[in-house]
Each structure stands twice: as structure tokens, then as C-alpha cells.
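Accompanying notes for the structure given below.
Residue numbers (our numbering), protein chains in the order written: chain A, 1 to 80; chain B, 81 to 565.
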């Protein structure tokens, strides 16, 4: 998957979770910038992405992602 | 589409009692303010499902859900403290669905999505009908890890709840069916009392409505998955006209600090002999730990509590049984009130003050900066500290060494912590001024890292330091400076 494809997937998953079609993620987006994307919703998001892509993140990675770009990069590495 | 508030409500303690009886969910996070203050919520909070059922009742009353309901999906985003007003608004509506939100001020607490249409035909259950009956319980089950949830299943009787649900939520009952409304109420009991039980957070649920249910009188449940990494539990539910899943988290239990027995292994018996420490905020967390360390070293301790008298009594009992009968006394003390009146009856002149007075640090906020929150922090961390030092300094000729716990948050100011960080910086500046003056009080300040306490227990877990490992050298420094005039 290209970086843009992963980004599109993440956007779709988050929109579905938060019931908010106006969300547009970029690689620079930080969780705090998205309304209602709190810590529990973040876990829901991670789990939903895992199910969608058939991958499993390490807890340390999940805790360390500073922005969406880092999530995209980690996913692309895991899919190689 | 409309963003106007459809209805608003303040859930009070009588609402809590009503819904606990209706649902069977007597979890202390809803019913016991003292116990709730040691949870992530920091205070007693409304049953999330109560807020949902009230919302459905208002939506149905407004005529918004005419034409039938096929399903409901709910995310619980934030706690609703008891006594606070929430507003319900429809955010989006089309032929297929309604998206509504409950908000506290500008903060979304609950997201509801109703799918419009007809209920699915048939019962559709895949859950075992021989599941055991799970009766009402006074105390919630206490799971310690998600592994213990694997295989949990059962059945809850809805007959008793259906009548009360219909009386309280007549419009929702007419739109959904009283059995379904009762079944939804019982989801609160499922999470709060059965699985995960005591240390639970109800995160979300999604249900389809099932037509002509064959099993109207009960709700079956079965854990379908757990994720140890995030302490997350998924539970399938079926019966009484609903079929779906529930998602919950297992909270960390209140943090227990090191015991006197463990501390005594690290502190010499007479290391702090001859000192008397007043420990403000000493009933739990770092205050309680400091009380144990000082008394393990032979010092006398007066530990104060603002609300947790029972915890303070337990602390005193542990210390006195390990050290001596007069090793620890407790006093009530509220840092938001004047120190002079509260310290009038203090039967000793402390040589040391440890100031751990605090309020709930992590808050749900809708704004970057909330001035009332800043005022609250300033009162506790700055004004309260100064007042306490002033009164103690005036009542004795004995020099006093005070410890002021600042925080590494003043350096990196985490998101959402502006008010706290600013108040702690102000506290540090006050301490510097006091040390430059010719007063009797010398203040030692330390910027503490994130330590394992009730205030820092979160889901997901965040790495936190060992309180004893961090505090012991600080306490030794503070205690050793007592001879400084």
C-alpha cells in the first residue's frame, strides 16, 4: 500500500468510529487536533485498523506515535 | 441537519439511585463519591446507559425516530460527573440514520447513531441457552486481568426492569419496545457488575433490533474476545429483541503504595528520630507514602485528609501498629480553606511540612485554558501552601523545613495540562521568594516525574516511576535539613 492509501484507510476508519465525515487526516495530524479522538477512542481506532489490515501493533509503538504520519510509516513497514 | 440543543438534563444523586435499582448497576464509580475519587473519573459519574436511555426518550418524544429503528451504536467518549448538565443535539439526520450527541458544555460525552428502518427478522442468537442465570449482586465482580474474563457468560432476567424502564422512558419504550429498553439498561449492569465489574469502563456498544424475539424475558451474554495489551473486553449480547456487542475496558485498580513492612527494609529505625512532620494530603498517594517513610525512620507524623477520613484512619492504623501508638495522628485539613482555623488544635509544632494537597489533576476540558480550573489549582498549589507555611511559621520559634512537590510537567507541559503546569510554576516562584526572605520556613522543591498514583492511572497505561524509589532520597534530603535555622 502507498502512504496515501494507508492514510485514506486511517481516515475512513476514524470517520466511521467517530461518526464524523468531516475528518481529514494528514501525516502531520496529531490526535489532540481531532475532536473526540481521546485515549479510549484511540485504542478503538488502533484495534479497528489492526482488524482491517490483519496486523498487530506493539504497545510501545501505540504509545509513542506522535502523529498520523508515524502510524502510516509503521503500518507500511509491517506490511512489507 | 440541526445543531440546536433538543433537551438538557442534570443527573443528580436521586437519578443515580433510580438507575442503579433499575439496572442493577451499583458500581461505586456511580454510587460512592469517595471510592469514585480514586478512579480515573475522579468523582461519581452518571451511568452512561442512563444518559443514553434519557437521550433516546427525548429523541423519540421529539418525533425524530418515526418510521422504525433498525439499530443503535453508541460510543461513550467522556465521563458525565453527577450534578453536571448535559445537552442533547441532533448533529445529522438523513433517511437512513440519525447522529446525535450528548455534550457537557462543548465537550462531547456520548455519540449515538440510530439506524432507521425495520428490525431484523428472527431471533438470530448464537449464544448458548444453557448459560447460567446471573442474579442481582450487591458488590461487583473484581477482575484483575482480562484473562479472567475469557469464557464468562450468563443470562440476566429483564422482567423486573421492563416495567420501571417503561415508566421512566415511555417514549423510548414506545419506539423501541419496553423489553429492549430494559435490555439496554441491563448492559450497564453487565459491564459495571459482572464483566469487567468493579474496575470497568463502558466504552461502546452496537446492537441490531430483532423482530418478534422468541426470548423476551432475558438477555444472554458471552465474552467473545479480550486484548491484554489494552485491557479491552468484547462481549456478545442477545435476547429481548436485541443482538449485538459491548466493548469495555478494565481499569487499573486504585494504586496501593508500599507497605510499612517494605519501607522498613530501606529506612533505618532512628533515621528521622526527633522530627515531627505535618503531611498535608497524607491520606493516600505520595502523602501516605511519605508518612510511612518518616515514621519508619522513627519520626512522628500528623497526616491530614480533606475527604478520605477512612483512608487516613487505615494509614494511621498501619503506621501505629508497625511503629508506636503515637507515631501517627490524623487531622482534617482542606487546602481550599484558611489554615489558621484548621491548625488551631494541632497538638505539636512540626519540624517539617510535606505539602501534597491536591485536587483532581487530569480533567475533561472543552477549552485550551479554563480560568476556573486555573483558579482552583492556584488556590490549592500556591495560596494554600503559602497560608499553611505562614501559619506554621507564626506559631513556633522552631525552624520549619517544607517540601513543595512540583512536577516535570512545568517543563514539557503535556497537552491539556496548561492550568496545572502554570500553577506549579507559580508555586515554584513562591518557594523561591520564600527562600530569599528571612522567614523561618525553608522550602525544598523537587520536580517529580510521573509516578504511579491514583492520579496517573490510565487506560491505556502510561509508563510511570516507582514512587518509593523517587521519594526516598527526597525525604532524606528534606529530613536532613531540619537543623537549618
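We treat Cβ as the ideally placed atom computed from N, Cα and C, and that holds for glycine.
Treat the numbers as computed from the prediction; the structure is a model and nothing was measured.
For the alpha helix (DSSP H) holding residue 468 (chain B), just list the boundary residues, first then last.
464–475
Could you please tell me which residues of the segment 48–59 of chain A, in chain order, have their CB closer than 7 Å to any CB of chain B?
59
Which residues in the same chain have their Cβ closer than 8 Å to the Cβ of residue 412 (chain B), if we skip the five residues on either side of it in sequence?
384, 385, 386, 389 and 422
Rounded to a whole number of angstroms, what is the C-alpha to C-alpha distance between residue 469 (chain B) and residue 513 (chain B)?
13 Å
Residue 430 (chain B) and residue 382 (chain B): beta carbons closer than 8 Å?
yes
Which of the three DSSP states, helix, strand or coil, is assigned to residue 383 (chain B)?
strand
Just the Cα atoms here: how many angstroms apart are residue 53 (chain A) and residue 45 (chain A)?
12 Å
Under 8 Å between the Cβ atoms of residue 371 (chain B) and residue 448 (chain B)?
no
Name the two residues that bound the continuous alpha helix (DSSP H) containing residue 62 (chain A).
59–64
Between the C-alpha atoms of residue 363 (chain B) and residue 143 (chain B), what's the straight-line distance to the nearest angstrom?
52 Å
Once you ignore the five residues that flank residue 511 (chain B) on each side, which residues in its own chain have a CB closer than 7 Å to its CB?
484, 523 and 525
For residue 190 (chain B), count neighbouring C-beta atoms within 10 Å of its own C-beta (all shown protein chains included) and say buried if the count is 16 or more, exposed if not.
buried
Residue nearest to residue 199 (chain B) in terms of C-alpha spacing, selected from B:257, B:480 and B:432:
B:257
Count the other CB atoms, across all protein chains shown, that sit within 10 Å of the CB of residue 90 (chain B); report buried if there are 16 or more and exposed otherwise.
exposed
Pull up the CB-CB distance for residue 298 (chain B) and residue 319 (chain B), whole angstroms please, since I reckon it's below 8 Å.
5 Å
At which residues does the beta strand (DSSP E) containing residue 23 (chain A) begin and terminate?
Element bounds for residue 23 (chain A): n/a, residue is neither H nor E.
With a threshold of 8 Å between beta-carbons, can residue 179 (chain B) be considered close to chain A, or not?
yes
Closer than 8 Å is the cut-off here; do at least three beta carbon pairs connect the segment 98–113 of chain B with the segment 249–269 of chain B?
yes
Can you pull the DSSP bridge partners for residue 408 (chain B)?
B:381
Would you mind sorting residue 148 (chain B) into buried or exposed? The rule is 16 or more other CB atoms within 10 Å of its CB.
exposed
Taking a Cβ distance cut-off of 9 Å, strictly less, list which residues of the segment 1–33 of chain A are near chain B, in chain order.
17, 18, 19, 20, 21, 30, 31 and 32
Inspect the CB distances between the segment 223–237 of chain B and the segment 125–140 of chain B and report whether three or more fall short of 8 Å.
no
So, does the CB of residue 307 (chain B) fall closer than 8 Å to a CB anywhere in chain A?
yes
Nearest candidate by alpha-carbon position, reference residue 365 (chain B), set B:155, B:534, B:397 and B:403:
B:534
Just to make sure I have the definition right: I need the residues of chain A whose C-beta is within less than 8 Å of the C-beta of residue 193 (chain B). Which are they?
19
Chain A within 8 Å of residue 312 (chain B), Cβ atoms only:
yes
Of the residues A:65, A:51, A:16 and A:64, which one's Cα is nearest the Cα of residue 154 (chain B)?
A:16
Buried or exposed: which applies to residue 327 (chain B), given that a residue is buried once 16 or more other Cβ atoms fall within 10 Å of its Cβ?
buried
Let me know if residue 487 (chain B) comes out buried or exposed under the rule of 16 or more other beta-carbons within 10 Å of its beta-carbon.
buried
I'd like to check one pair, residue 110 (chain B) with residue 120 (chain B): are the Cβ atoms closer than 8 Å?
no
Consider the Cβ of residue 75 (chain A): report whether some Cβ of chain B lies at a distance smaller than 8 Å.
no
Any idea if residue 569 (chain B) is buried or exposed, counting beta-carbon neighbours within 10 angstroms, 16 or more meaning buried?
Outside the displayed range of chain B (81 to 565) lies residue 569 (chain B), so it cannot be described from this structure.
Which residues mark the beginning and the end of the alpha helix (DSSP H) in which residue 300 (chain B) is found?
Counting along the chain, residue 300 (chain B) falls outside any alpha helix (DSSP H), though it belongs to the beta strand (DSSP E) covering 298–307.
Looking at the C-beta of residue 155 (chain B), does it have a partner C-beta in chain A at a distance below 8 Å?
yes
Over what stretch of residues does the alpha helix (DSSP H) that includes residue 509 (chain B) continue unbroken?
498–516
Does residue 570 (chain B) come within less than 8 Å of chain A when only Cβ atoms are used?
As displayed, chain B neither begins before 81 nor continues past 565, which places residue 570 (chain B) out of reach and without an answer.
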